[in-house]
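Working notes, structure below.
Numbering (UniProt numbering), first residue to last: 1 to 461.
Here it is as structure tokens:
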């Protein structure tokens with residue numbers, strides 16, 4: 001602020017101030033907004049004609065602007081406190097709302113969604129057709145061609161639903177009915193394919209532990225039945241079940257192993273009632289909704305060689321706990337894998353206006369080099385990373401679950417056969433969820449079932 005010449009008289013100063021500031025209200029209000037032009041003019045005057053004392057400056061009323069800043073600061077501070085309170089209270093509030101909607105109890109959305117999923121479920125089956133079965137019998141590498149998809153529409157049903165007294169647990173029996181969908185399939189299900197003789201592989205798996213004399217006797221029996229290493233069957237037979245002389249005899253030796261004394265990839269799943277689950281309803285804690293308590297009456301599995309591998313973790317796959325976190329895994333039990341597994345966060349994306357979280361089956365799940373997975377090798381040596389040996393729960397045959405085309409598996413598996421072309425975009429296991437409700441939007445459960453052919457020299461196929 002410029003100083004006024006000391007030689008001027010006080011009276012001169014007074015007259016000068018009166019001429020310069022005729023009104024006591026320097027700030028003129030226009031519609032409730034102080035005109036910046038007047039403020040600018042005041043600044044210009046202050047450089048030339050500033051009064052000498054603070055009392056003479058009182059007409060400027062400088063604290064009005066400071067009060068407005070103080071009010072803004074107080075409002076901002078209150079907004080910050082309110083935001084913190086909302087953060088603390090929002091999760092319980094959202095969980096309470098979701099519990100009212102998503103708990104699996106009568107007359108709630110969770111029960112309706114769990115019992116009758118609104119989405120149409122399709123199971124797309126691809127078959128590895130062998131083009132050189134005779135050469136393979138003589139030691140050649142199998143030449144495989146992928147056939148498909150052959151599409152089956154699934155209808156889920158849950159029967160024998162019973163609740164405990166507290167309504168926090170329910171037991172049920174799941175079943176699935178399959179219908180072949182010709183319109184979405186690559187061809188009719190009466191097309192023939194050449195595939196490995198799985199019942200014969202099951203017999204070979206057991207025979208390898210027999211004495212040499214018993215193996216020779218079984219070999220004579222196989223020749224008598226004219227059983228071949230590969231069978232030519234229709235897609236319908238392969239999926240829904242077929243029988244032959246070997247299967248008929250095996251069913252008599254081990255009754256009840258094969259449903260209806262037939263073998264089919266989907267035969268045991270179609271209209272079957274062989275599983276029983278007890279799960280949590282989520283009525284008291286929505287974060288536990290659909291979490292498995294027991295499977296077939298037991299709280300742990302008995303397929304694997306370690307307690308950790310036999311644990312029942314996660315849900316039954318129908319619903320998942322709400323409020324997904326990117327740093328948390330999603331756990332579920334799979335009847336196809338005979339084990340619990342987890343999905344890891346992959347990415348966040350938009351589908352129109354909807355935000356989705358994509359979770360995938362990472363390579364760690366089938367990485368048998370990891371200590372937590374050692375129990376999934378059973379009592380046999382692990383064959384390698386990327387495959388899961390399910391022989392202990394699948395007909396006693398050396399069956400293996402992996403990603404299609406041995407995606408994320410050891411290279412040696414792709415070298416044992418010709419025709420594998422792994423592709424991340426086609427073969428990755430990915431599920432997309434709404435992050436708040438955890439309702440699945442897109443489900444791409446991609447798995448491959450393979451069978452190992454043991455080299456038993458005393459057996460001739």
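We treat Cβ as the ideally placed atom computed from N, Cα and C, and that holds for glycine.
In this text, all values refer to a predicted model and were calculated from it rather than measured experimentally.
Per DSSP, reduced to three states, the secondary structure at residue 377 is helical. The three-state reading of DSSP puts residue 301 in coil, since its state is none of H, G, I, E or B.
Scanning the region 224 to 297 for uninterrupted beta strand (DSSP E) segments of 3 residues or longer gives 230 to 234, 277 to 280 and 292 to 295, listed from N- to C-terminal end. Taking 9 Å as the cut-off, the Cβ atoms of residue 433 and residue 357 count as close. Counting along the chain, no alpha helix (DSSP H) covers residue 151; the unbroken beta strand (DSSP E) around it starts and ends at 144 to 163. Residue state for residue 399 is assigned as strand, using DSSP reduced to three classes. In the DSSP assignment, residue 415 falls within the unbroken alpha helix (DSSP H) covering 411 to 415. In the DSSP assignment, residue 308 falls outside any alpha helix (DSSP H) and carries neither an H nor an E. With respect to the 9 Å criterion, residue 188 and residue 320 are not classified as neighbours on the basis of their beta carbons.
Residue 204 counts as buried, since at least 16 other C-beta atoms from the protein chains shown sit within 10 angstroms of its C-beta. DSSP, read as helix, strand or coil, puts residue 205 in helix. In the displayed model, residue 182 falls within coil according to three-state DSSP, outside both helix and strand. Residues 300, 301 and 340 of the same chain have their beta carbon placed closer than 8 Å to that of residue 311, with the five preceding and five following residues left out of the count. With contacts defined as CB atoms closer than 9 Å, residue 449 and residue 399 qualify as a contacting pair. Within the region 315 to 389, the runs of beta strand (DSSP E) at least 3 residues long that lie entirely inside it are, in chain order, 330 to 334, 339 to 351, 354 to 360 and 387 to 389.
Straight-line measurement puts the Cα of residue 355 at about 7 Å from the Cα of residue 348.
Across the structure, residue 393 and residue 257 are spaced so that their CA atoms are roughly 11 Å apart. By the neighbour-count definition (other C-beta atoms within 10 Å, threshold 16), residue 429 is a buried residue. A residue is called buried when at least 16 other Cβ atoms come within 10 angstroms of its Cβ; residue 120 does not meet this threshold and is exposed. Distance from the CA of residue 351 to the CA of residue 342, rounded to the nearest whole angstrom, comes to 24 Å. Here residue 230 has 130, 133, 194, 195, 196 and 197 as same chain residues with Cβ atoms under 7 Å from its own Cβ, once five neighbours each way along the sequence are excluded.
The continuous alpha helix (DSSP H) containing residue 115 extends over residues 109 to 115. Residue state for residue 215 is assigned as helix, using DSSP reduced to three classes. Taking the C-beta atoms as reference points, residue 324 is found no nearer than 9 Å to residue 445. Each residue's CA atom was taken as its position, placing residue 107 and residue 192 some 48 Å apart.
If you look at residue 427, you'll find it isn't in any beta strand (DSSP E); it sits in the alpha helix (DSSP H) that goes 424 to 427.
Spanning the alpha carbons of residue 253 and residue 263 requires a straight line of approximately 15 Å. For residue 104, the CB contacts under 6 Å within the same chain, skipping 5 residues up- and downstream, are 110, 111, 114 and 281 in chain order. Cα atoms of residue 101 and residue 242: separation of roughly 45 Å, rounded to the nearest angstrom. Looking at the backbone, the Cα of residue 126 and that of residue 403 are separated by about 13 Å. Between residue 160 and the set 419, 284 and 276, the nearest pair of CA atoms involves 276. The distance from the Cβ of residue 314 to that of residue 291 is about 7 Å, consistent with a contact at the 8 Å cut-off.
Nearest to residue 389 by alpha-carbon distance, out of 452, 148, 260 and 328, is 452. Taking residue 294 as reference, the option from 138, 171, 163 and 165 with the minimal CA-CA separation is 171.
The DSSP-derived three-state label of residue 141 is coil.
When only Cα atoms are considered, residue 234 and residue 346 end up about 39 Å apart.
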